[in-house]
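Visitor: In order, the protein sequence lines correspond to chains A and B. Residues in the first sequence are numbered from 6 upward in steps of one, following the working numbering. Residues in the second sequence are numbered from 331 upward in steps of one, following the working numbering. Submitted below is the structure of interest, expressed as C-alpha cells.
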Amino acid sequence: MGILADVRLFMIKKPEKVEIENCTMISTSPLSNQDILRVEGLKKYFPVRRGFFQNVIGWIKAVDGVELSIGRHKTLGLVGESGCGKSTIGQLILKLIDPDGGRIMYRDKEITRLSQGEIKPLRKEMQIIFQDPFGSLNPRMTVGQSIDEGLRVLHMKGHNERSERVEELMQMVGISPGAADRYPHEFSGGQRQRIGIARALSVEPSLIICDEPVSALDVSIRSQIINLLKELQDSLGLSYLFISHDLTVVGYISDSIAVMYLGQIMEYGPAGVLYDNPLHPYTVALLSAIPEPDPDDRRELKALKGEVPSPFNPPPGCKFQGRCPFVEKRCREEDVAFYQVGDGHAVRCWKVAGG
Amino acid sequence: MENNKSNIDMELETPVVGQVKSRKRELLRLLKENKLAFIGLIIFVIFFITALLGLLLTSGKEPVFDPSMVRLQEKLLPPLASPHLESLRPHEVPKTGVYVFGTDDLGRDVFARMLQGAWVSLTVGFVAVGIAVLVGLFMGGIAGYFGQKYIGLDHIIVVLLFSTGATLSLTGKSFTGFIVIVIDLAFVFSLALIRWKSRKSRYFKWLDLLRKKTLSIDTLIMRVVDIMLCFPSFFLILTVVALLPASIYNIMIVIGLTSWMGTTRFVRAEFLSLREQDFVTAARALGVNDYRIIFRHMIPNAIAPVLVSATIGIATAILTEAGLSFLGFGVPPPNATWGNILSDGKRFIFDAPWLTFIPGFAILLVVLSFNLFGEGLRDIMNPKLRERH
C-alpha cells in the first residue's frame with residue numbers, strides 16, 4: 006500500500022468538486038463494458054405500521070440512494086456497521102425483494118422491474134453465500150441434495166451428469182465427494198461454508214454476493230475460506246460483492262471498497278486509495294478501529310461516540326451528522342452530494358471534498 | 331495455490347468426532363432412555379395390533395368373535411366365567427372357551443365388543459387427527475408463507491357472490507344460484523379485462539377502490555382460529571353431531587374439523603421463522619418455486635412439533651369419541667365402541683362393575699400411553715430440554 010500517500014495533503018490541496026446531479030446521483034465510474042453489475046440510486050423503504058388498521062406511520066430507509074458498480078472478475082467490498090443496509094442491498098440485487106426506486110443493471114440489461122418469472126433465467130448468473138453456516142443449509146437435506154437443488158430446478162443437466170457435477174463441485178471447494186450423503190449437522194462450520202459455496206457455484210454464476218461469508222468463522226478457517234474464494238475467482242472468473250463489517254478482510258480481498266452508513270454510500274474508492282487516504286470522517290473512524298498487530302505502531306483511536314441511529318424517519322441533511330466530530334450547521338440542513346475526489350474515489354462529505 | 335490446497339486438506343482431516351451416528355438411531359436411543367415415553371410407545375403398539383386383530387376377528391359374515399351375538403340366558407356373567415354349554419348352540423359358544431371380560435346385560439361377549447371398539451377408537455383417533463393436521467398444515471402454511479399478502483375488496487366481493495350462489499343452488503333454488511354464479515364469473519372476467527386493457531385510463535380510476543387492501547391473509551386466518559378456539563369444543567361437537575345423522579364418519583370429520591387450530595398456530599409460527607432462514611433465501615436465489623420450497627424446505631423442518639401435538643391430539647380425539655358415545659351421540663348401535671360399552675354398563679355398576687371398569691381402564695391406558703409418548707417425543711425432539719450426556 007502507500008500508493009497515493011501524497012493525497013494525504015488533502016486538507017491543503019483541495020480536490021476538485023464534481024457534482025453530476027443535485028444531491029444523490031453521481032457515477033462512481035463511467036458506465037463501461039467492464040462492469041458486470043451497476044446499481045443506480047437504489048432505494049428500499051420498509052413501511053412501519055401501527056395500530057389496529059395497520060396504518061403506515063413512517064418509513065425505514067434501509068437503502069436510500071445507493072450507487073455501486075462491480076467490475077468483471079473484480080471484487081467490491083461493502084463495509085458498514087450492523088443495520089446499515091448492506092444485506093438489504095444484496096437481497097435487492099438478487100431480486101429477492103423488490104426495490105422502491107433506482108435501477109439495477111446486470112450486464113447492461115435492466116433487471117429492476119423484472120417479475121419473478123422473468124428473472125428466472127438470470128438466477129443462474131447471480132448467487133449468494135451467507136454468513137451463518139448453520140442456518141444456510143437445510144438440516145433435513147443431505148449436502149449432496151442441497152448442492153444439487155439448483156441444477157435440478159433449472160433443469161441444467163440429466164440425472165447422472167448432475168451427480169457427477171455435485172462431486173466435481175465438492176472437490177472444487179475442498180470437501181471429499183464421498184460426503185455427499187451426509188447431513189449438514191455432521192460438518193463443521195468451515196466445511197458447511199464450503200458446501201454453501203459449492204451450492205452457489207453449482208449453477209455457474211458470474212456474480213456472487215458474499216453476505217458476510219467469514220464473519221461467523223474462526224480466524225484460522227476464515228483465511229482458508231477467503232483464499233478459497235480468491236482461488237475460485239481466479240479459476241472461474243467470478244465477480245464478488247463482498248459484504249462485511251470487517252475492514253481487514255475486505256481490504257484483503259477487495260479491488261474497490263464502498264463504505265456504507267445508514268443506507269447510503271459514504272465513501273467509495275479503490276481499496277489501496279481508501280486505506281491510505283480515507284477522507285470521510287466515518288471511514289477514518291472505521292479504519293482507526295482496526296486492531297494493529299504491531300504494538301509499537303500505536304495510532305490514535307478515533308472512536309465514534311454514540312450508536313447508529315435508527316433509520317426510522319432520519320432528520321434531513323447528512324446521515325452521519327449525529328456522530329460526526331466535525332458537524333456544522335450546513336450538515337444538518339442540506340443533503341450531501343457525492344463528490345469525486347480522485348480517480349474512482351468519491352466521498353459523501355462536502356467538508357473534506359471542499360464543496 | 332499450493333499453500334491453499336494444503337490448508338483445505340488440513341481442514342478436511344479434522345475429524346468430525348461422534349457425529350457419524352445416524353439421526354434415526356440417535357432418536358431411538360433417546361427414546362429408549364426416556365422410560366415413560368418408551369412404555370407409552372409399547373402400549374401404543376400393542377393397542378395398534380389389538381385394534382387390527384379386532385377388525386379382522388369381529389367383522390365378516392362369520393366372525394371369530396361376534397360382538398353382536400345376544401345370549402339372554404348368559405347375561406351379566408363376570409370375567410373369566412365359563413359359558414353354560416348345555417343351554418347354548420355350538421356356534422354361540424365363545425371361541426376363547428370362557429368369557430374373558432364377562433358378558434353384558436344382553437349376554438353379549440364384552441371381549442368381542444372391546445375388540446371391535448378398539449378399531450373404532452383407533453380409526454377415530456387417526457382419521458380425526460389426520461384431518462386436523464391436514465387442515466392445520468394447509469391453513470398454517472398459508473398464513474405463515476403467504477400471510478403478508480393482502481385481500482382486496484374485489485376478492486371479498488367475488489367470494490361472497492360465489493358462496494351465495496353455491497348456497498342457493500345447494501338449497502334448492504338452483505336457478506337463482508346459477509344466475510348469481512354467472513354474475514360472479516362475469517364480474518371476475520370484466521375486472522380482468524378492464525385491468526388488462528386500460529390500466530392507466532382515468533375512466534376506470536374508481537376501480538382502484540376495489541383494490542383497496544382490507545386485511546392480510548394472516549390476520550384473516552389467525553382471527554378465524556381465535557374465534558374457533560373461543561367455542562368450548564366438546565359442546566360445539568355435541569351440537570354439530572346432534573344435527574348430523576349419527577355415523578362414525580361424521581364423528582371423525584367433526585372432531586377433525588374442530589381441532590385443527592392448535593396445528594395451525596404451530597405451523598404458522600414455524601413457517602414464519604423458517605421463511606427468514608438462510609437456506610430458504612438460498613433456495614429462492616436458485617429460483618426454486620414456492621411449491622418446492624414449502625414441501626422440500628419448510629414442511630420437513632416444521633413437522634416435528636406438529637407430530638408431537640398430533641400424538642396428544644389422538645388421545646384427545648379418542649377421549650372425545652368415548653365421551654360422545656357415552657352421552658349417546660356417538661356411533662349408533664349395534665356397533666360397539668368403548669364409550670357406549672361404558673355407557674351401557676353404568677346402569678349395572680353395582681351388579682356388574684366390569685362393564686364400566688374394563689372399557690374405562692382401556693380408555694385410560696390408551697390415552698395415557700399416547701400422552702406419555704407425545705410428551706416424550708417433544709422432549710426428544712427439543713434439544714434444549716434434552717439432558718446432557
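Every residue, glycine too, gets a C-beta built ideally from N, C-alpha and C.
Should the stretch 74-86 of chain A be called in touch with the stretch 584-602 of chain B, which here means at least 3 C-beta pairs below 8 Å?
Guide: Touching, no.
Visitor: In chain order, which continuous runs of the alpha helix (DSSP H) of length 4 or greater are located wholly inside the stretch 162-207 of chain A?
Guide: 164-178, 194-206, all fully within the stretch 162-207 of chain A.
Visitor: Just mark G179 of chain A as buried or exposed, buried being the case when its beta carbon has 16 or more other beta carbons within 10 Å.
Guide: Taking the first residue of the first sequence as position 1, residue 179 of chain A is located at position 174. Buried.
Visitor: Where does Q269 of chain A sit, in a helix, a strand or coil, going by DSSP?
Guide: Here residue 269 of chain A refers to the residue found at position 264 when the first sequence is read from its first residue. Here Q269 of chain A sits in strand by DSSP.
Visitor: Please confirm whether L702 of chain B and L366 of chain B have their CB atoms less than 8 Å apart.
Guide: By one-based count along the second sequence, residue 702 of chain B stands at place 372. By one-based count along the second sequence, residue 366 of chain B stands at place 36. For L702 of chain B and L366 of chain B, yes; Cβs fall inside 8 Å.
Visitor: Using beta carbons (cut-off 8 Å, strictly below), is D137 of chain A in contact with chain B?
Guide: The residue given as residue 137 of chain A occupies position 132 in the first sequence. At least one chain B Cβ lies under 8 Å of D137 of chain A.
Visitor: What are the boundary residues of the alpha helix (DSSP H) that includes H485 of chain B?
Guide: For the purposes of this step, residue 485 of chain B is taken as residue 155 along the second sequence, with counting starting at 1. Run containing H485 of chain B: 483-500, per the alpha helix (DSSP H) assignment.
Visitor: Just tell me which of A:I230, A:I248, A:M175, A:V71 has its CA closest to the CA of G107 of chain A.
Guide: Position 102 of the first sequence, counted from the first residue, corresponds to residue 107 of chain A. The residue with the shortest Cα to Cα distance from G107 of chain A is A:V71.
Visitor: Does the contact criterion of 3 or more C-beta pairs under 8 Å hold for the stretch 472-487 of chain B versus the stretch 414-433 of chain B?
Guide: As far as the Cβ criterion goes, the stretch 472-487 of chain B does not touch the stretch 414-433 of chain B, which means the pair count is below three.
Visitor: If we count the other Cβ atoms within 10 Å of its Cβ and call it buried at 16 or more, is E300 of chain A buried or exposed?
Guide: As a working note, residue 300 of chain A is residue 295 in the first sequence. The sequence given here places Pro at residue 300 of chain A; Glu does not occur at that position. That one is exposed.
Visitor: Using a cut-off of 7 Å between C-beta atoms, extract the partners of R145 of chain A located in chain B.
Guide: Residue mapping note: residue 145 of chain A aligns to position 140 of the first sequence, counting from 1. Near R145 of chain A (Cβ distances below 7 Å), the residues of chain B are P630, N631.
Visitor: Let me know the beta strand (DSSP E) ranges lying completely inside the stretch 234-278 of chain A, each 3 residues or longer, listed in chain order.
Guide: You should have 244-249, 261-266, 269-275.
Visitor: For R43 of chain A, which of helix, strand or coil comes out of DSSP?
Guide: Here residue 43 of chain A corresponds to residue number 38 of the first sequence, with the count starting at 1. Strand.
Visitor: Which residues of chain B have a Cβ atom closer than 9 Å to the Cβ of E86 of chain A, listed in chain order?
Guide: For this step, residue 86 of chain A is matched to residue 81 along the first sequence. None at all; the shortest Cβ gap to chain B is about 21 Å.
Visitor: Just to confirm the assignment, what range does the alpha helix (DSSP H) spanning V584 of chain B have?
Guide: Against the second sequence, residue 584 of chain B aligns to sequence position 254. Element bounds for V584 of chain B: 578-587.
Visitor: Is the CB of V618 of chain B under 8 Å away from at least one CB in chain E?
Guide: The chain inventory of the structure shown lacks chain E, comprising the protein chains A and B.
Visitor: Hey, how far is the Cα of L540 of chain B from the Cα of I583 of chain B?
Guide: Counting from 1 along the second sequence, the entry for residue 540 of chain B is found at position 210. Counting from 1 along the second sequence, the entry for residue 583 of chain B is found at position 253. Cα-Cα distance, rounded: 37 Å.
Visitor: Taking just the CA atoms, how far does V510 of chain B sit from L491 of chain B?
Guide: The residue labelled residue 491 of chain B in the question sits at position 161 within the second sequence. The residue labelled residue 510 of chain B in the question sits at position 180 within the second sequence. Cα to Cα, L491 of chain B sits roughly 7 Å from V510 of chain B.
Visitor: Buried or exposed: which applies to D709 of chain B, given that a residue is buried once 16 or more other Cβ atoms fall within 10 Å of its Cβ?
Guide: Sequence index remark: in the second sequence, residue 709 of chain B carries index 379 (1-based). When all chains shown are included, D709 of chain B counts as buried.
Visitor: Quick check: is the beta carbon of D608 of chain B nearer than 8 Å to any beta carbon in chain A?
Guide: Within the second sequence, numbered from 1, the residue matching residue 608 of chain B stands at position 278. So, interface residue.
Visitor: Give me, in chain order, the residues of the same chain whose beta-carbon lies closer than 7 Å to that of V68 of chain A; leave out the 5 immediate sequence neighbours on both sides.
Guide: What you label residue 68 of chain A is simply residue 63 of the first sequence in a count that begins at 1. Same-chain partners within the cutoff: L47, K48, K49, G90, T93, I94, L97, G268.
Visitor: Can you give me the start and stop residues for the alpha helix (DSSP H) that W684 of chain B sits inside?
Guide: Translated into the one-based positions of the second sequence, residue 684 of chain B becomes position 354. Start and end: 684-711.
Visitor: For V428 of chain B versus A411 of chain B, is the C-beta spacing smaller than 8 Å?
Guide: Mapped onto the second sequence, residue 428 of chain B falls at position 98. Mapped onto the second sequence, residue 411 of chain B falls at position 81. In contact: V428 of chain B and A411 of chain B (Cβ atoms closer than 8 Å).
Visitor: Determine, for H627 of chain B, whether the minimum Cβ-Cβ distance to residues of chain A falls below 8 Å.
Guide: Looking up residue 627 of chain B in the second sequence gives position 297. Yes, H627 of chain B lies at the interface with chain A (some Cβ there is under 8 Å from its Cβ).
Visitor: Reducing DSSP to helix, strand and coil, say where M399 of chain B ends up.
Guide: Counting from one through the second sequence, the residue named residue 399 of chain B turns up at place 69. Residue state, collapsed to three classes: coil.
Visitor: Within the continuous beta strand (DSSP E) that includes C215 of chain A, where are the two ends?
Guide: In the first sequence, residue 215 of chain A corresponds to position 210, counting from 1. Run containing C215 of chain A: 212-216, per the beta strand (DSSP E) assignment.
Visitor: Which class does K356 of chain A belong to by DSSP, given the choice of helix, strand or coil?
Guide: Your numbering for residue 356 of chain A matches position 351 in the first sequence. Of the three classes helix, strand and coil, the one that applies to K356 of chain A here is helix, per DSSP.
Visitor: On the DSSP letters alone, give me the boundaries of the beta strand (DSSP E) that K543 of chain B sits inside.
Guide: Here residue 543 of chain B corresponds to residue number 213 of the second sequence, with the count starting at 1. Start and end: 543-546.
Visitor: Residues bridged to V61 of chain A by DSSP?
Guide: Locating residue 61 of chain A in the first sequence gives position 56, counting from the first residue. BP columns for V61 of chain A point to A:R54.
Visitor: Can you give me the C-alpha to C-alpha distance between R355 of chain B and K362 of chain B, rounded to a whole angstrom?
Guide: Counting from 1 along the second sequence, the entry for residue 355 of chain B is found at position 25. Counting from 1 along the second sequence, the entry for residue 362 of chain B is found at position 32. Spanning the two alpha carbons is a distance of roughly 11 Å.
Visitor: Closer than 7 Å between beta carbons: that is the criterion. Which residues of the stretch 140-166 of chain A meet it against chain B?
Guide: Correct list: G140, S141, L142, N143, P144, R145, E154, G155, V158, L159.
Visitor: So with CB distances below 8 Å, who are the chain B contacts of V370 of chain A?
Guide: Outside the modelled stretch of chain A, which goes from 6 to 360, sits residue 370 of chain A, for which no answer is possible.
Visitor: Between the C-alpha atoms of D556 of chain B and S603 of chain B, what's the straight-line distance to the nearest angstrom?
Guide: Your numbering for residue 556 of chain B matches position 226 in the second sequence. Your numbering for residue 603 of chain B matches position 273 in the second sequence. Cα to Cα, the separation comes out at about 21 Å.
Visitor: Determine, using beta carbons only, whether K49 of chain A comes closer than 8 Å to chain B.
Guide: If you number the first sequence from 1, residue 49 of chain A lands on position 44. So, not an interface residue.
Visitor: When the cut-off is 8 Å and only beta carbons count, does T380 of chain B lie next to chain A?
Guide: Within the second sequence, the letter at position 50 stands for residue 380 of chain B. No, T380 of chain B lies away from the interface with chain A (no Cβ there is under 8 Å from its Cβ).
Visitor: Do the stretch 629-649 of chain B and the stretch 164-179 of chain A meet, that is, are 3 or more Cβ pairs less than 8 Å apart?
Guide: Contact fails: fewer than three Cβ-Cβ distances are below 8 Å.
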